[in-house]
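Residue numbers (the working numbering): 17 to 484. Below is one structure, written out as structure tokens; the observations come after it.
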Ligand code: NAD
């Protein structure tokens, strides 16, 4: 078993002890229900390559199952199962009514051109269709490491080619481009969720004092590993909306540091033109890209891959908060070390749940065949306008045009998506925090998050009357 899967299961076992649930029920919640392992040939240049790929459905207690598709050279069955497992707990934690799933294709995206990647994605989708491992009511993929809206559009197009007559076919995959049945705010969702979660956590003055921080995000120093979809949006939104200072960034090619702060938008432009973050003006080169994990900062955001903070480097972590934007970046052993050091580890299943939350909104939009806000935007606008007119009439004062515009605006899809996401992250944190504070025997937030998730999943099984 891989370190990652072992870590997930170790964390589960640790939390299970606090639930008082029957052994058989806990076993059913823990195990992975189905894994489809596939090999298929794809023509690359003049020869064929055999591609290894997977789709794991961890739990069917709620349907459809849901989880991203990862393109990475490191993909293996245990990793996919570990990620599918985390998805089950994540969905339960944030009240997204899905079972957990995950897909993986063992390729390095750097070794294929766009045409070849499209061929691989479409063939992988065909395999899923043939085995009934995809569909709006069965299993709904989304982006993950190495994939994005483009790949989701290819998946949708392949599905529509085969199942075009299905009225809800567009809900077979989420994370699609907005003009391809997607939803506004999905691309930024995981990173924005990280921001909302951190903002909420940092708002508890007493909690922050306990770990040596002041309340609020303004002026906090942040280090980010991985400037992909999750890392980029998390860093950019924490910087631009939260007023945080990004002091260190690591990418594939290395790590950089600047005490004064790194402008993320400028850094992204620089990387696009130079092909690297190294040499970005005003920054120092760090010895190794892993040094980002042990740099002095308030918040560390690992947003690349799993198993980054291990028992080998955990003692050197200097951040006060480790926000697991990636899945599984802190191993179970490293988590124990960080806890003992008094570092708050915000678990992946909570802090990166923004992606699946907005995927849920996208799926709902696909099933309803209508953009959020279409029915009520103008109605709200007219009502607010009447209220503003009344206030002006009664007070005899004129409200400035700019303020009036703000006060009377009806919500667009993006406003509703962000509002729903913020609400989800705040509510879920409240549940985790309550459990953490209430049960003295629970010593870390990950265990508390697992307890909340396990209890929610168990209530589905218990309501079936299968377990006493
Ligand atoms: P991505 O492919 O968009 O970005 C990952 C980035 O990390 C890439 O730019 C890559 O070059 C960089 N990277 C890889 N190894 C690195 C290393 N050792 N040091 C520094 N940088 C490195 O992937 P993503 O979608 O942002 O996913 C990142 C993590 O977040 C994964 O663990 C994924 O499972 C998790 N996640 C993603 C989503 C989502 O909506 N995309 C949702 C929840 C969780």
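Glycine included, every Cβ here is placed at the ideal spot set by N, Cα and C.
Measuring straight from C-alpha to C-alpha, what distance separates residue 198 and residue 23? 34 Å
Cβ neighbour criterion (16 or more within 10 Å) applied to residue 307: buried
Residue 104 Cβ short of 8 Å to ligand 1 heavy atom set: no
Who are the Cβ neighbours of residue 429 in its own chain at under 6 Å, not counting the five residues just before and after it? Exclusion of the five residues before and after residue 429 leaves 200, 387, 388 and 389 as the residues of its chain whose Cβ lies within less than 6 Å of its Cβ.
Closest to residue 465 by CA distance: which of 419, 362 and 376 is it? 362
According to DSSP, what are the bridge partners of residue 376? Bridge partners of residue 376: none, in fact.
Measure the C-alpha to C-alpha separation of residue 235 and residue 353 and round it to an integer number of angstroms. Using only the alpha carbons, I get a separation of about 27 Å.
Bridge partner(s) assigned by DSSP for residue 428: Looking at the DSSP output, residue 428 shares a beta bridge with no other residue.
Taking only three categories from DSSP, how would you classify residue 112? coil
Do residue 121 and residue 93 come within 9 Å of each other at the CB atom, strictly closer than that value? no
C-alpha distance - residue 251 paired with residue 146, whole-angstrom precision: 40 Å
Rounded C-alpha distance that separates residue 102 from residue 365: Going by the C-alpha atoms only, they are around 6 Å apart.
At a cut-off of 8 Å, is residue 282 close to ligand 1 when judged by its beta-carbon and the heavy atoms of the ligand? no
Own chain residues within Cβ distance below 7 Å of residue 322, not counting five before or after: 20, 342, 343, 344 and 345
Which of the three DSSP states, helix, strand or coil, is assigned to residue 267? Correct three-state label for residue 267: strand.
Based on DSSP bridge pairs, tell me the residues matched to residue 272. 265 and 301
If I'm right that residue 397 touches residue 434 with Cβ under 8 Å, what's the distance once you round it to whole angstroms? Contact between residue 397 and residue 434 does not hold, since their C-beta atoms are separated by about 18 Å, which reaches or exceeds 8 Å.
Which of helix, strand or coil DSSP assigns to residue 185: helix
Considering only heavy atoms of ligand 1, does any lie closer than 8 Å to the CB of residue 364? At least one heavy atom of ligand 1 lies closer than 8 Å to the C-beta of residue 364.
For the candidate residues 115, 257, 360 and 274, whose alpha-carbon lies nearest to that of residue 334? 360
CB of residue 75 within 9 Å of CB of residue 104, strictly: yes
Where does residue 414 sit, in a helix, a strand or coil, going by DSSP? coil
Hey, out of 224, 256 and 458, whose CA is closest to residue 337's CA? Among 224, 256 and 458, the Cα nearest to that of residue 337 belongs to 224.
Does the separation of the CB atoms of residue 169 and residue 193 fall below 9 Å? yes
Kindly indicate which three-state DSSP category residue 397 falls into: helix, strand or coil? helix
Got a sec? Which residues, its chain only, sit under 8 Å from residue 278 by beta carbon, not counting five neighbours each side? Answer for residue 278: 262, 263, 264, 265, 272, 296, 298 and 299, listed in chain order.
Considering only heavy atoms of ligand 1, does any lie closer than 8 Å to the CB of residue 464? no
Alpha helix (DSSP H) segment containing residue 33, residue limits: Residue 33 -> no alpha helix (DSSP H), and no H or E assigned at all.
Starting from the Cα of residue 467, find the closest Cα among 25, 26 and 32 and give me that residue. Ranking the options by Cα distance to residue 467, first place goes to 32.
Are there any heavy atoms of ligand 1 lying less than 8 Å away from the beta-carbon of residue 86, as far as the coordinates show? yes
Proximity test, residue 308 beta-carbon vs ligand 1 heavy atom, cut-off 8 Å: yes
Between residue 253 and residue 204, is the Cβ-Cβ spacing less than 9 Å? Yes. Within cutoff.
Regarding residue 160 and ligand 1, is the C-beta to nearest heavy atom distance less than 8 Å? Checking the Cβ of residue 160 against ligand 1 gives yes.
For ligand 1, is there a heavy atom less than 8 Å away from the beta-carbon of residue 321? yes
Could you check if residue 331 is buried or exposed, using at least 16 other CB atoms within 10 Å of its CB as the buried criterion? exposed
At which residues does the beta strand (DSSP E) containing residue 346 begin and terminate? It is not in any beta strand (DSSP E) - residue 346 carries neither H nor E in the DSSP assignment.
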